[in-house]
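Residues 2 to 236 (my numbering) make up the sequence shown, in order.
Cβ atoms here follow ideal geometry from the backbone N, Cα and C, with glycine treated the same way.
To start, the structure itself, in structure tokens.
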Amino acid sequence: MGMKIQYFSDYEGMSTKAAQLIIDAVKAKPELLFCAATGGSPTGMYKALKEAAQSDESLFEKMKVIKLDEWGDVDSKHPVSCEYYLQEHLVNPLKITPDRYMGFSADAENPKEECVRVSCVLQEKGPIDICILGIGTNGHIGFNEPNLQMTDHCHVAKLAPSTLLNGMVINMTKKPTYGLTLGVQDILSAKHIIMLVAGSGKEEATKHLVSGKITNDWPATHLWSHPNVDCLILG
Ligand code: PGA
Numbered sequence: 002m003g004m005k006i007q008y009f010s011d012y013e014g015m016s017t018k019a020a021q022l023i024i025d026a027v028k029a030k031p032e033l034l035f036c037a038a039t040g041g042s043p044t045g046m047y048k049a050l051k052e053a054a055q056s057d058e059s060l061f062e063k064m065k066v067i068k069l070d071e072w073g074d075v076d077s078k079h080p081v082s083c084e085y086y087l088q089e090h091l092v093n094p095l096k097i098t099p100d101r102y103m104g105f106s107a108d109a110e111n112p113k114e115e116c117v118r119v120s121c122v123l124q125e126k127g128p129i130d131i132c133i134l135g136i137g138t139n140g141h142i143g144f145n146e147p148n149l150q151m152t153d154h155c156h157v158a159k160l161a162p163s164t165l166l167n168g169m170v171i172n173m174t175k176k177p178t179y180g181l182t183l184g185v186q187d188i189l190s191a192k193h194i195i196m197l198v199a200g201s202g203k204e205e206a207t208k209h210l211v212s213g214k215i216t217n218d219w220p221a222t223h224l225w226s227h228p229n230v231d232c233l234i235l236g
């Protein structure tokens, strides 16, 4: 238990392993609540889940999904939104029906109220059974950025400069002005966490993550306080 670290030499191997962990879990508990991250790190894993759904149509028919985070002030139909990504990579391929899909709306008029709404949803439907995470170059998880104090629950996050260099938004002329994210305790309340470490510029974040020293300067290090984390590292 604790953090189980595994290294992979190729992205496909890492993605297949992550998908297998989810498939095993959903077979054991078909109605599980899955917390979905967005980005380059989990794309291969979603592709493997799509293939599993194609060969077994009933596999994900009860699984529930909650979004980990969302860019603020971005139209939800815009291709950079987490909404767009999740519809394309997860919700449509796995046929997750609207009653089983929840989370922040990118175009919520009042982001603080949206966070209260999602907190209530999580309280009612949670805890999360499996949470998939990527890591930012600055060690963030979701939009929990390095800070003097971590925020426990859903909140409107000020985005770090490095976050605005993420592949999803780097080419936008009008960048998101904030993020909406589950908090660190919301994430740590998940029964099982799968952290995927892939992508360029992650060397320093990875070094801090594997060191085992918990610090708010590298938020992902808080995963060391969780009893059941699979950390899959490409490299
Ligand atoms: P990435 O993003 O998977 O696109 O590298 C991870 C993150 O910044 O949280």
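Quick check: Ser163 and Thr138, are their CB atoms within less than 8 Å of each other?
yes
Within the present structure, is the beta-carbon of Asn172 separated from the nearest heavy atom of the ligand PGA by less than 7 Å?
no
Thinking C-alpha only, which one of Gln7, Glu204, Leu181 is nearest Glu110?
Leu181
If you compare alpha carbons, which of Leu166, Ile195, Lys63, Thr17 is closest to Cys132?
Ile195
In chain order, what residues of the same chain have a beta carbon less than 8 Å from the beta carbon of Pro147, not counting five sequence neighbours either side?
Asn139, Gly140, His141, Ala161, Asn217, Asp218, Trp219, Pro220
Heavy atom of the ligand PGA within 7 Å of Leu41 beta-carbon
The sequence shown places Gly at residue 41, not Leu. Checking the Cβ of Gly41 against the ligand PGA gives yes.
Closest Cα partner of Gly41 within the set Phe35, Ala54, Leu87
Leu87
What are the residues that DSSP puts in a beta bridge with Thr182?
Asp70, His156
Mind checking who Gln55 pairs with in its DSSP beta bridge?
DSSP lists no partner for Gln55.
Count the other CB atoms, across all protein chains shown, that sit within 10 Å of the CB of Pro80; report buried if there are 16 or more and exposed otherwise.
exposed
Compare the C-alpha of Gln124 against each of Ala206, Thr98, Gln186, Ile97 and name the closest.
Gln186
With H, G and I counted as helix, E and B as strand and the rest as coil, what does DSSP make of Gly135?
strand
Assuming Lys63 and Pro31 make a contact with CB atoms under 8 Å, what is their CB distance in whole Å?
4 Å
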